[in-house]
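In what follows, a single structure is set out as structure tokens and then discussed.
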Amino acid sequence: MNIGQRLLKIYKRLLDYFGTQNWWPGETEEEIIIGAILTQNTNWRNVEKAISNLKNNGVLSIREIDKTDISTIAELIKPSGYFNQKAKKLKKLSSFLMEHYDGDMDKLKSVSTERLRSELLSINGIGAETADSILLYALERPVFVVDAYSFRLAIRHNLIWEDATYEELQELFTQNLPRDSSLYNEYHALIVQLGKSFCKRKNPICSSCPLNFDLH
DNA sequence: GACCAGGCACATC
DNA sequence: GATGTGCATGGT
334 MNIGQRLLKI
344 YKRLLDYFGT
354 QNWWPGETEE
364 EIIIGAILTQ
374 NTNWRNVEKA
384 ISNLKNNGVL
394 SIREIDKTDI
404 STIAELIKPS
414 GYFNQKAKKL
424 KKLSSFLMEH
434 YDGDMDKLKS
444 VSTERLRSEL
454 LSINGIGAET
464 ADSILLYALE
474 RPVFVVDAYS
484 FRLAIRHNLI
494 WEDATYEELQ
504 ELFTQNLPRD
514 SSLYNEYHAL
524 IVQLGKSFCK
534 RKNPICSSCP
544 LNFDLH
């Protein structure tokens with residue numbers, strides 16, 4: 334089996350086991366973008382509380398965040414942790430999008446993936462995973478999102494070397510799978526679900542893992 | 001009480 | 001360049 338076949342085999346096994354994940358769990362592009370910041374190193378359940386607070390106060394949009402005082406944002410997103418840092422990140426991102434795209438998601442959509450990615454990465458507080466999450470889940474670009482779980486999966490299945498970089502692992506997926514945003518969407522979501530369910534740091538190899546047949 | 005969660009920037013060596 | 005640290009709430 335080549336790498337692409339192995340990746341598809343893993344994908345199908347995860348899909349059979351967990352079913353479709355229907356990511357991203359957000360209703361609008363702006364909610365997805367905001368959620369991508371809030372979920373940094375944070376359990377999604379805590380993020381939901383923060384998003385709910387923003388929504389109930391009418392601040393769940395780029396334009397409103399740009400207008401709202403940073404201390405108010407920080408207070409509303411408190412449940413998601415790192416609230417001072419994330420409030421600053423949300424303000425930076427929002428002011429960038431207002432200044433360059435008038436906060437208009439349709440204008441964002443007309444820009445090339447490469448240019449958008451480098452623009453997002455230039456914003457303080459947005460790293461590779463957050464930028465790629467926005468590109469894939471808010472803008473449906475065929476960009477594979479790598480995260481801590483992807484590393485665990487790839488290393489434990491000997492798909493990549495231990496000290497691989499983000500971009501190297503990303504290339505492993507994108508160069509061996511069809512260029513398909515729907516596939517990348519579902520695959521990343523399934524990897525996260527696998528990680529949450531089985532692939533904890535403390536149990537590197539879990540006997541009940543759905544991939545633990547001939548893939549470990 | 002320890003450990004973890006859908007990261008990132010920055011300091012220091 | 002690689003290694004370490006602060007950020008912070010809430011669930012298990």
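Under our numbering, think of the first position of the first sequence as 334, with each following residue one higher. Built from N, CA and C at the ideal position, the CB exists for glycine as well.
Beta-carbon proximity of residue i to residue j, cut-off 8 Å
i, j, result
"LEU505", "ILE493", "yes"
"PHE484", "ILE456", "no"
"ILE406", "LEU423", "yes"
"ILE384", "ALA471", "no"
"VAL444", "ASP465", "no"
"ASN509", "GLY337", "yes"
"ASP480", "VAL525", "yes"
"THR446", "SER413", "no"
"GLY458", "ASP399", "no"
"LYS421", "ILE403", "yes"
"ASN518", "TRP356", "yes"
Expected contact under 8 Å - CB spacing of residue i and residue j to nearest Å
i, j, result
"LEU347", "LEU523", "4 Å"
"SER514", "ARG450", "About 14 Å separates the two Cβ atoms, so there is no contact after all."
"TYR344", "TYR520", "5 Å"
Same chain, Cβ closer than 7 Å to residue i, five either side skipped, listed in chain order
i, result
"THR463", "ALA369, ILE370, GLN373"
"MET438", "GLU362, GLU363"
"SER380", "The identity of residue 380 in the sequence shown is Val, whereas the question assumes Ser. Counting only Cβ-Cβ distances below 7 Å, and skipping sequence neighbours, we find GLY368, LEU371, THR372, SER413."
"LEU516", "LEU510"
"LEU453", "ILE459, ALA464, ILE467"
Residues near residue i by beta carbon distance below 8 Å, same chain, minus five either side
i, result
"CYS542", "LEU527, PHE531, CYS532, HIS549"
"MET334", "LYS342"
"GLU397", "GLY391"
"TYR415", "GLN373, ASN374, THR375"
"LYS442", "LEU472"
"ARG512", "PRO475"
Close-in-space but distant-in-sequence residues of the same chain around residue i (CB under 6 Å, 5 per side omitted)
i, result
"LEU341", "none"
"ASN386", "LEU409"
"LYS440", "TYR434"
"VAL476", "ASP465, LEU468, LEU469"
Touch check for the stretch 390 to 399 and the stretch 360 to 367: three-plus C-beta pairs under 8 Å? The stretch 390 to 399 makes contact with the stretch 360 to 367; the number of CB pairs closer than 8 Å reaches 3 or more.
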